[in-house]
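Participant: Below are the structure tokens for one structure; questions will follow.
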Amino acid sequence: MNRMKNFTAGFLRENPVFGLYLGLCSVLAISTTLNNAIGMGVAVIAVLVMSNVIISALRKIIPDEIRIPVYIVIIATLVTIVEMLIHAYAPSLYSALGAFINLIVVNCIILGRAEAFANKNGIFDSALDGLGMGLGYTASLTCIALIRQLLGTGALSFSNPFTNEIIFNIQIIPVGYEIPLFTTATGAFITFALLAAALSAYNNKKAEKAKKEAK
-8 MNRMKNFTAG FLRENPVFGL YLGLCSVLAI STTLNNAIGM GVAVIAVLVM SNVIISALRK
52 IIPDEIRIPV YIVIIATLVT IVEMLIHAYA PSLYSALGAF INLIVVNCII LGRAEAFANK
112 NGIFDSALDG LGMGLGYTAS LTCIALIRQL LGTGALSFSN PFTNEIIFNI QIIPVGYEIP
172 LFTTATGAFI TFALLAAALS AYNNKKAEKA KKEAK
């Protein structure tokens, strides 16, 4: 049960984007399309899980005085590997994400989980934590991208990042009724604020209900 709670914490209770407000730079910048959102999400999941596993495995031999620099070296190495793989096998996604792939190194989610969880727990639990937080980040990013792409362009589309083949392209809002504002930074902030407020209201309501039941 504790492991399940730990794994699911990243979805609602401790969602890294809407609950902890971490990694917002990449979230607001690249959440314009589903392709960008899912591509960045998968990259963050890969780095987060692998860094948690490696740091957990080495936690007993890493001196406390230099643990943060060691974490950064491990994370930077993993990000470089992921960046090279994306560049080699999904060049269109690599071009779309641009410098934000490298910024995964300083993503607060990854360094935060390394210090707060992987440094204190076993390999399996750390892998679960990384996977849960990564999925929570990806789900949040995808929700923002869905809203922004739909309202900003009137359509929802997704293509294979390896072949650029269009998987689906559905025009939902008639042409001429789109809201281009949502393709800009302003639209990103508005979408994030509304979703964060909704999740906060849900968590507050749930907490109040738990207090009443406890009494």
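The numbering used here applies: residue -8 is where the sequence shown begins, and numbers increase by one. Beta carbons are placed, not taken as given, at the ideal position from N, Cα and C, and that holds for glycine. This one's a predicted model, so the numbers in the text were calculated from it and none came from an experiment.
#1: Considering Ala192, what are the terminal residues of the alpha helix (DSSP H) in which it resides?
#2: Could you give the first and the last residue of the continuous beta strand (DSSP E) run that contains Ile59?
#3: When you compare each of Asn155, Ile138, Phe159 to Phe173 by their alpha carbons, which one comes out closest?
#4: What does DSSP give as the partner residues of Gln162 in its beta bridges?
#5: Under DSSP, the alpha helix (DSSP H) around Ile29 begins and ends at which residues?
#6: I'd like to check one pair, Ala28 with Leu132: are the Cβ atoms closer than 9 Å?
#7: List the DSSP bridge partners of Ile157.
#8: Assuming Leu102 and Leu25 make a contact with CB atoms under 8 Å, what is their CB distance in whole Å?
#9: My guess is that Ile100 and Leu39 are in contact by the Cβ rule of under 8 Å, so how many angstroms apart are they, rounded?
#10: Between which two residues does the alpha helix (DSSP H) containing Ser17 stretch?
#11: Going by DSSP, what residue range makes up the alpha helix (DSSP H) through Lys(-4)?
#12: Can you list, in chain order, the residues of its chain with a C-beta nearer than 7 Å to that of Phe149? Leave out the 5 residues immediately preceding and following it.
#13: Tell me, to the nearest whole angstrom, how far the beta carbon of Gly113 is from that of Ile36; I am working on the premise that it is less than 8 Å.
#14: Rounded to the nearest angstrom, how far is the Cβ of Asn6 from that of Ala105, given a contact under 8 Å?
#15: With a threshold of 16 other CB atoms inside 10 Å of the CB of Ser47, please say whether the residue is buried or exposed.
Facilitator: From the atom records:
#1: Numbered from its first residue, the sequence shown carries residue 192 at position 201. Segment 176 to 205, the alpha helix (DSSP H) holding Ala192.
#2: For the purposes of this step, residue 59 is taken as the residue at position 68 of the sequence shown. First-last for Ile59: 58 to 80, but that is the alpha helix (DSSP H), not the beta strand (DSSP E).
#3: To locate residue 173, count along the sequence shown from 1; it is residue 182. Per the Cα distances, Ile138.
#4: For the purposes of this step, residue 162 is taken as the residue at position 171 of the sequence shown. Answer by DSSP bridge pairing, in chain order: Ala146.
#5: Along the sequence shown, one-based indexing puts residue 29 at 38. Start and end: 25 to 49.
#6: Residue mapping note: residue 132 aligns to position 141 of the sequence shown, counting from 1. Residue mapping note: residue 28 aligns to position 37 of the sequence shown, counting from 1. In this structure, Ala28 lies closer than 9 Å to Leu132 by Cβ.
#7: Position 166 of the sequence shown holds residue 157. Ile157 is bridged to Ser150.
#8: What you label residue 102 is simply residue 111 of the sequence shown in a count that begins at 1. What you label residue 25 is simply residue 34 of the sequence shown in a count that begins at 1. Their Cβ separation, rounded to whole angstroms, is 27 Å, which puts Leu102 and Leu25 out of contact at 8 Å.
#9: Stepping through the sequence shown from its first residue, residue 100 is reached at position 109. Stepping through the sequence shown from its first residue, residue 39 is reached at position 48. At roughly 7 Å, the Cβ-Cβ gap stays under 8 Å, so Ile100 and Leu39 are in contact.
#10: Position 26 of the sequence shown holds residue 17. Ser17 -> alpha helix (DSSP H) spans 15 to 21.
#11: For this step, residue -4 is matched to residue 5 along the sequence shown. Counting along the chain, the alpha helix (DSSP H) containing Lys(-4) begins and ends at -7 to -1.
#12: Position 158 of the sequence shown, counted from the first residue, corresponds to residue 149. Same-chain partners within the cutoff: Leu25, Asn26, Ile158, Phe159.
#13: Here residue 113 is taken as the residue at index 122 of the sequence shown, counted from 1. Here residue 36 is taken as the residue at index 45 of the sequence shown, counted from 1. With a Cβ gap of about 20 Å, Gly113 and Ile36 do not count as contacting.
#14: Here residue 6 corresponds to residue number 15 of the sequence shown, with the count starting at 1. Here residue 105 corresponds to residue number 114 of the sequence shown, with the count starting at 1. Their Cβ separation, rounded to whole angstroms, is 18 Å, which puts Asn6 and Ala105 out of contact at 8 Å.
#15: Here residue 47 is taken as the residue at index 56 of the sequence shown, counted from 1. Result: buried.
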